[in-house]
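Engineer: So our numbering is basically just the index in the sequence shown, starting at one, shifted up by 29.
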Amino acid sequence: MATQGRFLLITAGWCTVLVALLHLGCIVFGGDWYRALGAGEQMAQMAERGNSIRPL
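#1: Looking at Gly60 and Gln74, is the spacing between their C-beta atoms short of 9 Å?
#2: Leaving out five residues before and five after Arg64 in sequence, what residues of the same chain have Cβ atoms less than 8 Å from its Cβ?
#3: Since Leu66 is in the alpha helix (DSSP H), which residue starts that stretch and which ends it?
#4: Comparing alpha-carbon positions, which option in Gly34, Gln33, Gly79 lies nearest Val123?
#5: Since I believe Leu66 is in contact with Leu51 (beta carbons under 8 Å), could you give me their beta-carbon distance rounded to a whole number of angstroms?
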């Protein structure tokens, strides 16, 4: 049982790293990545304009 728990914890950690890298990819590569990851068109357009302030 402890081996399974350790495996799940390590897997969850790697999944978290992957998601963090995807989020950084959005910042670096812009609007297309926001669209691909489902952030919405308004967020993608803001990224393309270089606007970092969240819409109301």
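Built from N, CA and C at the ideal position, the CB exists for glycine as well.
Structural biologist: In short, the structure shows the following:
#1: Position 45 of the sequence shown, counted from the start, is the residue given in the question as residue 74. Position 31 of the sequence shown, counted from the start, is the residue given in the question as residue 60. Result yes, Cβ atoms of Gln74 and Gly60 sit closer than 9 Å.
#2: As a working mapping, residue 64 is identified with position 35 in the sequence shown. For Arg64, where only same-chain residues beyond five positions count, the Cβ hits under 8 Å are Glu70, Ala73.
#3: Here residue 66 is taken as the residue at index 37 of the sequence shown, counted from 1. No alpha helix (DSSP H) contains Leu66, which DSSP labels as neither H nor E.
#4: Not covered by the structure: residue 123. The range shown for the chain is 30 to 85.
#5: Locating residue 51 in the sequence shown gives position 22, counting from the first residue. Locating residue 66 in the sequence shown gives position 37, counting from the first residue. Contact flag correct, Cβ pair sits at about 6 Å.
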